[in-house]
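One line per chain: the protein sequences are H and B, in this order. Residue numbering for the first sequence follows the working numbering, starting at 14 and increasing by one per position. Residue numbering for the second sequence follows the working numbering, starting at -14 and increasing by one per position. Cβ atoms here follow ideal geometry from the backbone N, Cα and C, with glycine treated the same way.
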Amino acid sequence: MKQGNDRAKGRLGTGAMYHLMMLPGILFLLVFSYVPMVGVITAFQDYIPAKGMFGSKFVGLKHFIYMFKLPDIAQVFSNTLVIAIAKILLGTMMAIIFSILLNEIRIKFVKKSVQTIVYLPHFLSWVVLASVVVNMFSLDGIVNQILAFFGLENINFLGSNTWFQPLIIGTDVWKEFGYSSIVYLAAITSIDPGLYEAAGMDGASWWRKVWHITLPGMLPIILLMGVMSLTNILSAGFDQIYNLYNPVVYESGDILDTYVYRIGLVGRQYSFGTAVGLFKSVIGIVLLLSANHLAKKYTDRKIF
Amino acid sequence: MSYSVSLKDRIGRFVINAIVIFLALICLLPLWNIVAISFSSSEAVSANAVGLVPVNFTTAAYTKIIDDAQFWRSFGISVLRVVLTLILNMILIILMAYPLSKSKREFRGRNIYMNVMIFAMLFSGGMIPSYLLIKNLDMLNTIWSLVLPGAVPIFSVILVMNFFSAVPKALEEAAFIDGANPLQVLFKVYVPVSIPALATVALFSIVGTWNDFFSGLIYMTQVSNYPLMTYIQSLNVNIAELLQSGTNSAQLSNLTEISNKNLNAAKIVVAVIPLLLIYPLLQKYFVTGIVVGSVKE
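Structure, rendered in structure tokens:
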């Protein structure tokens, strides 16, 4: 094979050709991914734009120490974790339940239409969906109209520190449950139908079949997806929160990413923002490596 | 599976159908409500009278959009951005996925490249170093700041790489014997048989790029350079926040538009139309794409 190729081409070996194919992409990665990685040294400096990265003074861990002393930071961390974990847990549960129910639908038209509709919100951006959410949950929105109909008090969902987190979590589950159900649905269809028949012979009810066949059959995928989502635990969803929050709910709505944006970029505290971002990245990479290890150990599949 | 048609089963089946349809409606109706609002008169909208059917049907909001120069400018920037990103993404995905689909023995250095990619996926310098890089490259306020940083979608490269490595070896060997070089093999053998995977990643690219508002927000200092989602986002910004940050005349004119709920709704509908046009295509491929990408057996 190699000989034939060399004879025909004569100029460039296959190996060299492969390297050449990799070159443009690798260059892009070096410039746009690896140069910013070098840029994290600004986290250890008092970065002054005019002096640049090589002229600014090194200050060691000053910005990290400052970060841990900030009164907001504990709140920001806990917001990030609570929102992220709740999204993962509820989102996964919802997707699993939905995929099990959808799998039971025998009318093809219903099944297809439902799928088309529930996948749709995933493809719309939070810029668009924020308007939808605001429209639903504002003081005079439909949700409050329904509450009023049942004689309940109106709730200012978007301006209440009690309700903002549930709103963020709920609307994210709403946007993503259909799309995340795709993998679970694929997992269900790969379960051996013979198992269901055998269980049916033994007189198992629908519920028993789900509990003893479907769920165990899905378990490897559930574990894999769960492990993979660990890596998102410090990214509670910038786009969504940025588009929905306002100063009134900073207390309950600020997550690491929105905080870095507000303090670091808008407030031009470049070094401090980079330090918070770096901290987040490092935790993220540790989580991902642990997740990969766990995945290998419990599901026999590596993420990468 | 065989089903007895006992009454209990029928009720169960009916309940499941009802729940599933209910969930679908919950996904659809809030979106539909925005469409209805966009076709209603602004009086009806401010009176909260619009449900699922437009009240006092009018296309006034849409005729207003036609005169909104910035909307179309932003729309154009978004289209240009999607096209440039798509071309760049597809070229780089195909070129990188092919050598990476070879074994370590066939392509020496493969694992080094792979590690370079995976590390870039795992670790990033973060928002601020990226911003400073774009600034130092003098790319602020240019279309390139929206296109080049996302040139290599690593997840997509890996997805296509997996697809390529499943292509039967015999096809490639036959082409080599016929005297093809790797580039010819790639484009004449691999690309044609990998259309589903390539369509999937192409659609990821289009959707991701069209929907992104954040790069526009940080890399563009002038509203006139905003891509569409950033422009719409800037209209959505809370009035309180605008007043806080000190308003200039451009923002003030935005303020008057914000009160116009139906105009905003119409802008959102128009901004979503391009996605809805490719959605049928999208649906045909992405399910396989997702399954190939995440539950590879």
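Nearest candidate by alpha-carbon position, reference residue i, set the options
i               : options                          : result
M30 of chain H  : B:L260, B:G201, B:R95 and B:I50  : B:R95
F199 of chain B : B:Y175, B:V176 and B:Y116        : B:Y116
Y258 of chain H : H:L180, H:G68 and H:G52          : H:L180
L133 of chain H : B:S25, B:I79, B:I62 and B:L8     : B:L8
K188 of chain H : H:V89, H:R281, H:A304 and H:I101 : H:I101
R93 of chain B  : H:L300, H:A143, H:T27 and H:V223 : H:T27
S248 of chain H : H:L237, H:T129 and H:F292        : H:F292
T215 of chain B : B:S59, B:L10 and B:A34           : B:S59
K269 of chain B : H:V123, H:I195 and H:L83         : H:I195
I120 of chain H : B:N249, B:A3 and B:L248          : B:A3
F172 of chain B : B:M75, B:S23 and B:N245          : B:M75
W139 of chain H : H:A97, H:D185, H:I98 and H:I113  : H:D185
A87 of chain H  : H:M149, H:L165 and H:V289        : H:V289
Chain-ordered chain B contacts of residue i [CB-CB under 9 angstroms]
i              : result
I39 of chain H : M81, Y98, V101, M102 and V137
Local conformation of residue i per DSSP, three classes
i               : result
Q178 of chain H : helix
Q218 of chain B : helix
D59 of chain H  : strand
S230 of chain B : For S230 of chain B, the predicted model reports a pLDDT of 49, less than 50, meaning its position is unreliable and no value from the coordinates is stated.
L300 of chain H : helix
K125 of chain H : helix
K64 of chain H  : coil
E242 of chain B : Here the model assigns E242 of chain B a pLDDT of 46, short of 50, so the residue's position is not dependable, and the following value carries that caveat. Helix at E242 of chain B.
F42 of chain B  : coil
F71 of chain H  : strand
A11 of chain H  : With chain H running from 14 to 317 in the structure shown, residue 11 of chain H is simply not present.
T48 of chain B  : helix
V272 of chain B : helix
A225 of chain B : Because the pLDDT of A225 of chain B is 43, which lies under 50, any placement of that residue in the model is unreliable, and the question is left without a value.
T185 of chain B : helix
A308 of chain H : helix
M50 of chain H  : helix
E91 of chain B  : coil
G280 of chain H : coil
F292 of chain H : helix
N167 of chain H : coil
N121 of chain B : helix
Continuous alpha helix (DSSP H) stretch holding residue i: start and end
i               : result
R58 of chain B  : A54 to L85
Y255 of chain H : F251 to L257
L160 of chain H : I155 to F162
N100 of chain B : R95 to L107
S141 of chain B : I139 to S150
T127 of chain B : Careful: T127 of chain B lies outside any alpha helix (DSSP H) and carries neither H nor E.
W285 of chain B : Nothing can be reported for residue 285 of chain B: it is not among the residues displayed for chain B, which extend from -14 to 282.
D85 of chain H  : P84 to E117
M231 of chain H : L228 to S242
Beta-carbon neighbours of residue i, restricted to chain H and to distances below 9 angstroms
i               : result
A21 of chain B  : The contacting residues do not exist; A21 of chain B stays about 11 angstroms from chain H at best.
L118 of chain B : V44, F45, V48, P49 and G52
V132 of chain B : Those do not exist, as V132 of chain B stays about 11 angstroms from chain H at its closest Cβ, beyond 9 angstroms.
L141 of chain B : In the sequence as presented, Leu is not what sits at residue 141 of chain B; that position holds Ser. Under the 9 angstroms cutoff, chain H gives no residues; its nearest Cβ is about 11 angstroms from S141 of chain B.
N196 of chain B : F136, L137, S138, W139, V140, V141 and D252
Y270 of chain B : None at all; the shortest Cβ gap to chain H is about 12 angstroms.
P259 of chain B : The premise fails here: P259 of chain B is roughly 11 angstroms from chain H at the closest Cβ pair, so nothing lies under 9 angstroms.
N147 of chain B : None at all; the shortest Cβ gap to chain H is about 11 angstroms.
Partners in chain H for residue i, counting only beta-carbon separations shorter than 8 angstroms
i                : result
I1 of chain B    : L114, E117 and I118
I(-4) of chain B : Here the premise fails: no neighbours, minimum Cβ distance about 11 angstroms.
Chain-ordered neighbours of residue i on chain B, where CB pairs are closer than 7 angstroms
i               : result
P134 of chain H : C12
M149 of chain H : P15
S153 of chain H : Checking the displayed sequence, the identity of residue 153 of chain H turns out to be Asp instead of Ser. Chain B residues near D153 of chain H: N33.
is_contact[residue i, chain D] using C-beta, thresh 7 angstroms
i               : result
V131 of chain H : Absence of chain D from the displayed structure is noted, the protein chains being H and B.
Chain H contact residues for residue i, given Cβ-Cβ distances below 7 angstroms
i               : result
F108 of chain B : M50, S294 and I298
A93 of chain B  : This sequence places Arg at residue 93 of chain B; Ala is not what is there. Simply G28.
P84 of chain B  : Y31, M34 and M35
P177 of chain B : Residues of chain H passing the Cβ test: none, with the nearest at roughly 18 angstroms.
Chain-ordered neighbours of residue i on chain B, where CB pairs are closer than 8 angstroms
i               : result
F111 of chain H : V5 and L8
T55 of chain H  : I113, P114 and L117
Any non-hydrogen atom of the ligand SAM closer than 6 angstroms to residue i Cβ
i               : result
L131 of chain B : For the structure depicted, the ligand SAM is absent and the ligand set is empty, with no information on it obtainable.
Using a Cβ-Cβ cutoff of 7 angstroms, what residues of the segment 49 to 79 of chain B are near chain H? List them in chain order. L77
Anything in the segment 201 to 213 of chain B with a Cβ closer than 7 angstroms to a Cβ of chain H? List those residues in chain order, please. Taking a C-beta cut-off of 7 angstroms against chain H, the contacting residues of the segment 201 to 213 of chain B are I203, listed in chain order.
Listed from N- to C-terminal order along the chain, which residues in the segment 72 to 100 of chain H have their beta-carbon within a distance smaller than 7 angstroms of any beta-carbon of chain B? none
According to a CB-to-CB cut-off of less than 9 angstroms, which residues of the segment 290 to 313 of chain H neighbour chain B? G290, L291, K293, S294, V295, G297, I298, L301 and L302
Quick one, which residues of the segment 176 to 196 of chain H are near chain B if we go by CB-CB under 9 angstroms, in chain order? W187, K188, F190, G191, Y192, I195 and V196
Contact list for the segment 200 to 224 of chain H against chain B, Cβ threshold 8 angstroms: A200, S203, P206, Y209, E210, G213 and W219
Name, going along the chain, the residues of the segment 255 to 285 of chain H whose beta-carbon falls closer than 7 angstroms to a beta-carbon of chain B. N256, N259, P260, V273, Y274, G277, L278 and Y283
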